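Shown next, in structure tokens, is the structure this report addresses.
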Amino acid sequence: MSTMAVPDIAVAPVDEGFWTRSRKVGLTLLALGLLSAVLFGALATDQQARFTLSDDAAGAALEINGTIGAILFGIITIAAGAALLAGVPKRWFLPVLGVGLVAFVLSFLCWQVSAAPAGQNFMPLVNIIRGTFILALPLIFGALAGVLCERSGVVNVAIEGQLLMGAFSGALFGSISGSVWVGLVAAAIGGAFISLLLAVFAIRYLVDQVVMGIVLNLLAVGVTGFLYERLMQTDAAKYNSAPRFSNWEIPLLKDIPVLGPALFRGNIFLYLGLLLVLVIHIGLFRTRWGLRTRSVGEHPIAADTLGVKVLRVRYRNVLLAGVVAGIGGASYTLALYSFTKNMIGGKGFIALAALIFGRWNPTGALLAALFFGFADQLATYLGAINSVIPSQFLAMLPYLATILAVAGLVGRVRAPAADGKPYIKG
Numbered sequence: 001m002s003t004m005a006v007p008d009i010a011v012a013p014v015d016e017g018f019w020t021r022s023r024k025v026g027l028t029l030l031a032l033g034l035l036s037a038v039l040f041g042a043l044a045t046d047q048q049a050r051f052t053l054s055d056d057a058a059g060a061a062l063e064i065n066g067t068i069g070a071i072l073f074g075i076i077t078i079a080a081g082a083a084l085l086a087g088v089p090k091r092w093f094l095p096v097l098g099v100g101l102v103a104f105v106l107s108f109l110c111w112q113v114s115a116a117p118a119g120q121n122f123m124p125l126v127n128i129i130r131g132t133f134i135l136a137l138p139l140i141f142g143a144l145a146g147v148l149c150e151r152s153g154v155v156n157v158a159i160e161g162q163l164l165m166g167a168f169s170g171a172l173f174g175s176i177s178g179s180v181w182v183g184l185v186a187a188a189i190g191g192a193f194i195s196l197l198l199a200v201f202a203i204r205y206l207v208d209q210v211v212m213g214i215v216l217n218l219l220a221v222g223v224t225g226f227l228y229e230r231l232m233q234t235d236a237a238k239y240n241s242a243p244r245f246s247n248w249e250i251p252l253l254k255d256i257p258v259l260g261p262a263l264f265r266g267n268i269f270l271y272l273g274l275l276l277v278l279v280i281h282i283g284l285f286r287t288r289w290g291l292r293t294r295s296v297g298e299h300p301i302a303a304d305t306l307g308v309k310v311l312r313v314r315y316r317n318v319l320l321a322g323v324v325a326g327i328g329g330a331s332y333t334l335a336l337y338s339f340t341k342n343m344i345g346g347k348g349f350i351a352l353a354a355l356i357f358g359r360w361n362p363t364g365a366l367l368a369a370l371f372f373g374f375a376d377q378l379a380t381y382l383g384a385i386n387s388v389i390p391s392q393f394l395a396m397l398p399y400l401a402t403i404l405a406v407a408g409l410v411g412r413v414r415a416p417a418a419d420g421k422p423y424i425k426g
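full-length UniProt numbering numbers the first residue of the sequence shown as 1 and each following residue consecutively.
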């Protein structure tokens, strides 16, 4: 078979002038630093802000004067912003940005913790880390489902519906059978059912993938809501009382300070989520399946020419994504809560944002999901210490973090080239 060489086409770099993305972010960080040093420093008190290394007020703790801490971390944020504004090498952009954002959050926490009512001026780090991972779990599973689909060239806006159907199926069949394992399998099948509809209509009938995803989300909300009212509300003991997975403790690892109690005394969903991140990352970048998946998502015509079954790869990966998202939905109803109508509450769209924030990479998606999970947990913590910040604003915090992260921090990102483009075999 003959091959034809395609000459490289030089693409002129975009001249951003003085106000590069790095300098714009640096200016924003500089403003945040001034805000934290001046405003948070003024609002903080001279009480010690205690960050305990346990899940309560007891035990060892990291302590700092509230006012001094708010001002000090504000100055660090200013320094990070000034470094970006002055211009740092590209490889230092993310580390400097990370230092600045962490310092800003710490300045804010010094204010909030020191100003909390007597007896509540502490932050239990174990509880915060554990809560962050628990709240991030559906986002991790949802983002991984997005990675599997979009690396194959199929836009997955139906993550919300897949999570919701997984949560409902896990609760219903887990309750009927009295088995958490039956519920887990049912949740995987429920998520795969939504994915099957997405695959058939998007791949076979070439329906617009974004529109189809929205329709499937509405379908999942309608079906689960109807069955919830007809079955679960009328007889919750029979249809909405699924057993829960118990926590599994890992010997030795559970005794690691702070991280041990938070991460290694969890349920199956925590371990499975972290394992799936590792497996999918290795699979995508170190195996033949991953090479074929990425080729189908980037250039399906070339992949087809080399003998890759493009449509088969897409069908398989979309169904696999549904299984992963369905299990993520079960992390609600087989570990934490009873099923309620529309209980996912937009987490599927935050998972989609985590996918973009993580640049379609499993590890990046994990870190982004943890970022959003921390924002959610922080809102819960601030409400518990009676923060002066209005509760309505605290409820918006995870969604505001999503908007700021995707709009302000991601910058220019490139989705897989064939993402959302139907493939018609010639």
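Glycine included, every Cβ here is placed at the ideal spot set by N, Cα and C. Computed from a predicted model, the values in this text were never measured in an experiment.
Given 8 Å, three or more beta-carbon pairs between the stretch 312-326 and the stretch 114-124
Verdict: no, contact absent.
Over the uninterrupted beta strand (DSSP E) stretch that includes MET123, give me the two end residues.
For MET123, the enclosing beta strand (DSSP E) covers residues 122-124.
How big is the Cα-Cα spacing for TYR332 and LEU184?
The alpha-carbon of TYR332 is positioned some 11 Å away from that of LEU184.
How far does the alpha helix (DSSP H) with ILE68 in it reach, from first residue to last?
Element bounds for ILE68: 66-86.
Identify the continuous alpha helix (DSSP H) that holds GLY188 and give its terminal residues.
Correcting the residue type first, residue 188 is Ala in the shown sequence and not Gly. That run of the alpha helix (DSSP H) goes 180-199.
From this set, PHE141, LEU400, PHE18, which residue's C-alpha is nearest THR363's C-alpha?
When each option's Cα is compared against that of THR363, the closest is PHE141.
So what does DSSP say about TRP19, is it helix, strand or coil?
Three-state DSSP puts TRP19 in coil, outside helix and strand.
Assuming ILE76 and ALA103 are in contact, meaning their beta carbons sit under 8 Å apart, how far apart are those beta carbons, in whole angstroms?
So it is a contact: roughly 4 Å between Cβ atoms.
Give the range of the alpha helix (DSSP H) segment to which ARG314 is assigned.
310-333 is the extent of the alpha helix (DSSP H) around ARG314.
Three or more C-beta pairs below 8 Å linking the stretch 148-155 and the stretch 184-204:
Short answer: they touch.
State buried or exposed for ARG414, treating a residue as buried only when at least 16 other CB atoms are found within 10 Å of its CB.
ARG414 is exposed by the Cβ-count criterion.
Let me see if you follow: with CB-CB separation under 7 Å, is GLY266 close to chain B or not?
Within the model displayed, chain B is absent; a lone protein chain is all it includes.
Could you give the residue range of the alpha helix (DSSP H) that holds ARG50?
Per DSSP, ARG50 belongs to no alpha helix (DSSP H); it is in the beta strand (DSSP E), 48-52.
Inter-residue Cα distance where the pair is ALA354 and TRP360
Going by the C-alpha atoms only, they are around 9 Å apart.
Based on DSSP bridge pairs, tell me the residues matched to ARG265.
Residue pairing by DSSP places ARG265 opposite GLU249 in a beta bridge.
Once DSSP output is grouped into helix, strand and coil, what is the label at ALA302?
Note: ALA302 maps to helix in three-state DSSP.
PHE342: buried (16+ other C-beta within 10 angstroms of its C-beta) or exposed?
The residue asked about is misnamed: residue 342 is Asn in this sequence, not Phe. By the neighbour-count rule (16 or more Cβ atoms within 10 Å), ASN342 is not buried but exposed.
Would the beta-carbon of ALA325 be found less than 6 Å away from any heavy atom of the ligand SAM?
The ligand SAM is not part of this structure, which contains no ligands at all.
Let me check understanding here. Comparing Cα to Cα, which of LEU172, PRO257, ILE424 lies closest to ARG230?
Comparing Cα positions, the closest option is LEU172.
Proximal residues to LEU278 (C-beta, below 7 Å), its chain only, five neighbours per side dropped
Same-chain partners within the cutoff: there are none.
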